[in-house]
Each structure stands twice: as C-alpha cells, then as structure tokens.
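Numbering (the working numbering), first residue to last: 5 to 588.
In this text, a Cβ means the ideal position worked out from N, Cα and C, and glycines have one as well.
It should be emphasised that the depicted structure is a prediction, and the values quoted were computed from it without experimental measurement.
This is the structure in structure tokens:
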C-alpha cells in the first residue's frame, strides 16, 4: 500500500478509474455546478476507493444499479483537500457521485458581465492544473492515472459552452442548452477544461479555429493566423499530432497564465494580442505540450520538469524553425534571466531549485517557478550539445513514441536516456541539474551577435535608429540589463524617446514598469496601478506587486491595490499575490 503522488489520496492498491461520465448544470446565480460524476473502473472491485475532493458537497454515491454505497468525507487537509472514501460492494465496476461545487472552488472563476469584453453576459472558466480538478469533480486527481471522458454541460441558452474535447452536439431545452463533448484520448485530470460565455469562433486552418468573445474575435484571429504553419513545423520535429484539432480560446484578462495546454482547446491570455504577432511564442509553447506534457506526462508535481523543460526545449525548436536561430537564442537569454530570478527567489528554499523535487507537505502552486522550465531546458540542451542534434532528435522521437499516453518519473527518464544515449547524462553532469540546487556552472549559455550587442548598452540610451529593428525580446533584455542604481534621468530619457510606459506589448511594458518601480521613477506608478486592474496573469502580477512591496510606502499601496482588484483575479493568482504581500 502506497501513495505514489504526495498530492493525492490515491492508493496504488486500489482500482484505477478508466472513464468519467460527467454531467453538470452551470448556475451563475449561486456560482455552483450541480453535477454527477460516473466513474468506471478498470476492473470490478470491492473494498475502499479513495478519491480526491476539495470543498465538494457530496449528496449521494450509488453503484451501477442505483444501490447506495457507503461513503465518508474526511476533514480537509490544507493542501490535499478532503478524502472521499467509498466502500465498494463486491463486483462493483461503476459508481455515480452526485454533488455540487463550492462557490469558492479553487479551479473556477466566475466573472460578472461587467468583467467581460461584451459587458452583457457572465463568464465561467476552469483552471485545473496542478491539483484543482478535485474542486470540480471527485476523482483520482493525479497525473499518474489518465482517463477518457464524456461530458454534458447545461448552460443558459444564450451562452456557449466549450470544452477541451470533441464537440458532439447541442440541444436547446427551454431557457437552457445542453452541450455535449467527448475526449477519446486518455488525459491526466489536470487537463479537464471548459469555459462558458458569449463566445464566437473563426476558422484558422483545416485543424484549428480560434474562439473568443465576439468583441475580440477578429483581433485574436489575426494574431494567431499562423497557427497552422506552427502545427506543421511541430509535426516535422516531433512526429504526428495525436489530438485531431488544435483550437484556441482567447480568455478574459483574469486568466492567470500565459496559456494552458488543454488538448484540443488551448486557453490563451488576451495579453498576447499585441497587434504584431510578437508574443506568439506562448502559442508555440502550448502547442509543444501536445507532445511533451499531454502525450508524455509527469507522474506527479515532483517531476514537473519532465513536462515543462521538454516543452521549453520543443517551443524553442519550433521558434527556430519558423523565425530563425537568432530569435530562438534571444528567447533562451530571456529564459536564463528568468531562471536566475527564480533561483534568487528560492534562496531560502534551495531544494526547490533542483529539477527532481520532493514536495510532501508543499503545495504545487507554492513550488511553481521558472526552474522546471528553464533549468530543464538547459539540461536537454546540454545533452543535445553532448550527443549532437541528429542523435538527440532521433532520441526525442523515440522517447515520445515509447511513452505515448503514459506518465513518467525522473528516474524512468534517466533509465531511458542511459539505455538509448549511454554515457550522455554523466558527460553533462545531469546530477547537478536533477538533484542539486542552483544553475550548474557548465550549463549552456546562448551566444549570438544580437545578444552581444545588447550587453554593450548598460545605461546608454540607444538612438531611434539603433532600435528600429529590435524585437520585444531585445527590448526586454535591454530593460532587464539596466544596472541597479541607474539614474532616474535615464528612465526619463527612455520614456520620452520610446514611450515605453504606453507600450502595447505586455512583456515589454511589465519589464519597463518593474524596472521603473525599483528605480523610484514616479511616472510609471500610475500605469502600474491601472495595469494591475486590467490583467490577472501571474507572470505580470508577481513582479509588479513584488516591486511595489519592496518599499515601505509601496507596500501600503500594493495592499490597497490588491484589496481593490482581488475579485478580478483567479483564485490561484489571488493566493500567489497574497503570498508576496505577506512575505514583504
């Protein structure tokens, strides 16, 4: 008897779920889902079955014949939530749980009509990674156990429900509509995803369309129109696409991430709509997850780098194929900066800067950082350098094919590398990446002529002519390279010459605002205040709230702004900002 995932009540001696049939009625008035979940097990069983739940109100549990099954909901634990233990009668292979969600469900954000682009209808969306699916459905909420599912969502008739699954039909019944979906491929529970709102779609290619509120649909379609070329480039690199469609949903501004790789329907932040396709690398990242993460998955949050390190590597290969090696190296340089910041952030918890983490008693959201992304990428780049690109490309395809629709541990990964690339891990000192804190001294460093030029500026204010061909990545590198103590006059000159406080590119804007706040350059303060009320993406909230909270007077302002805007943020983002303010 063992719990193989420290973030799940799942016991490896108990039967595993094979399929989920889920029916839910969306109630915007009470902010609840009234639902039933039918779990079909891989084999008939008897005895206890432990499921993960968080703040679910369990009404009843019955077997396939409608006979009640005894159950007990344990008191909640701070990270895991509550264990739902069901006593299965001999021969039970299917059980149905009737329940309703909490208005504070950690996976769900309920938006009022005023918080949407159209301003007329409410909106609901889910975000289940890493362990928030249990606040929506009682199930074995561990990526170790993949499930297929069918779903029915009952919603107000004037709204559309979309899911990360195949659409099978819509039926209108009075003032409501029932939308039906099916996911034929087995997925880890954190990829269960849906949204309900006033939504419209536009085709982008034979396998892709974009969904959005009608008010932003055309803008989104224009920004993401190259997604089909991206999909073809990815298939050339990693093999056939296993998910049939790659649709995109442009989310409301409160979405807490840049993107979420939900298969068949990737969720994307509207902060990508820069008007010049300069931020579509996020789309490349989520597309890459179709192979690295969705197809081959980490067995638990302790092996999260297997998802994200591989995906950053794959993302940069896609970018290189489409936009050139120089652009990929600029992104790698930005990633290295982000990794250095993450290592500094965890200076009091250095164990969280190793790739192979041990997270018993640690919430995945608290351990979340750029370390698994960028340090994982560096390990894979080091191995690629050691064995050569042709050999590594062949290995990568073999790795993906051998583990399709499986979940892996770091130890299984290293065994596979040792078998197919013998000696490679020792050659790059993989131990320093996997089990030691910090950035290995031998880690690859991106080098290019464009990067060399960026390092020469320091506090020099460039001319308009010098920056005419700069990409957003170069602007970020320049801003982030401004030394501590750079004079406010430099910030004044930069803003007068380049209007950075008014930038429409969110990546450039946040780099600029964070640097300006640290330098005490007052004119950036007003834009920071308004921007924090416009977005909910944690990548932007964290550095801005952190910069504000670094001074005594800024700390009071940060708390005041958070109190004003907290309801606009997703529960995951609210908790992240709260943690920053509490530590300040």
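The continuous alpha helix (DSSP H) containing residue 458 extends over residues 453 to 459. Fully enclosed beta strand (DSSP E) runs of no fewer than 3 residues occupy 75 to 77, 86 to 104 and 112 to 115 of the stretch 62 to 120, in order along the chain. For residue 323, the three-state secondary structure derived from DSSP is helix. Contact holds between the stretch 240 to 256 and the stretch 392 to 411, because three or more Cβ pairs, one in each stretch, are under 8 Å apart.
Checking the DSSP bridge columns, you'll see residue 9 has no partner listed. Here residue 492 is not bridged, per DSSP, to any residue.
The DSSP-derived three-state label of residue 417 is helix. For the pair residue 167 and residue 53, the CB atoms are not nearer than the 8 Å cut-off. The alpha carbon of residue 482 has as its nearest neighbour, out of 298, 334, 582 and 189, the alpha carbon of 334.
If you draw a 10 Å sphere on the C-beta of residue 51, you find fewer than 16 other C-beta atoms in it, and that means exposed.
For residue 152, the beta-bridge partners assigned by DSSP are 23. Cα atoms of residue 99 and residue 48: separation of roughly 11 Å, rounded to the nearest angstrom. Each of 323, 514 and 217 was checked against the Cα of residue 531, and the nearest Cα belongs to 514. The shortest C-alpha to C-alpha distance from residue 326 to any of 32, 230 and 87 is the one to 230. About 6 Å separates the beta carbons of residue 140 and residue 130, which is inside the 8 Å limit, making them a contact pair. Within the stretch 501 to 572, the complete alpha helix (DSSP H) segments of 4 residues or longer fall at 510 to 523, 528 to 536, 542 to 552 and 556 to 569, listed in chain order. Look at the beta carbons and you see the stretch 259 to 273 not touching the stretch 200 to 211: under three pairs across the two are nearer than 8 Å. Contact annotation: residue 377 and residue 312 have beta-carbon atoms nearer than 8 Å. Between residue 61 and residue 74, the CB-CB gap reaches or exceeds 8 Å. Annotated three-state conformation of residue 38 is strand, per DSSP. Contact fails between the stretch 158 to 165 and the stretch 8 to 19, because fewer than three Cβ pairs, one in each stretch, are under 8 Å apart. Your pair residue 24 and residue 30 does not check out as a contact, with CB atoms roughly 18 Å apart and the cut at 8 Å.
The distance from the Cβ of residue 490 to that of residue 463 is about 5 Å, consistent with a contact at the 8 Å cut-off. Here residue 176 is exposed, its C-beta having fewer than 16 other C-beta atoms within 10 Å. Excluding five sequence positions before and after residue 234, the CB atoms of its chain that fall closer than 8 Å to its own CB belong to 284, 287, 288, 291, 322 and 326, given in chain order. For residue 259, no beta strand (DSSP E) encloses it, and the DSSP letter there is neither H nor E. The alpha-carbon of residue 389 is positioned some 18 Å away from that of residue 417. Within the same chain, 156, 158 and 175 come within 6 Å of residue 182 by CB-CB distance, once the 5 residues on both sides are set aside. Closest option to residue 427, judged by alpha-carbon separation, among 391, 455, 446 and 414: 391. In chain order, 359, 376 and 380 place their CB closer than 6 Å to the CB of residue 309, counting only its own chain and leaving out the 5 sequence neighbours on each side. Minimum Cα-Cα distance from residue 372 among the listed residues 84, 346 and 537 corresponds to 346. In this structure, residue 337 and residue 324 do not form a Cβ contact; the two beta carbons are roughly 14 Å apart against a cut-off of 8 Å.
For residue 583, the uninterrupted alpha helix (DSSP H) run begins and ends at 575 to 587, by DSSP. Membership of residue 483 in the alpha helix (DSSP H) is indicated by the continuous run 476 to 484.
Residue burial is scored here from C-beta neighbours: residue 509 has at least 16 other C-beta atoms within 10 angstroms and is therefore classed as buried. Apart from sequence neighbours up to five positions away, the residues of its chain that approach residue 95 with a beta-carbon distance below 6 Å are 48, ordered along the chain.
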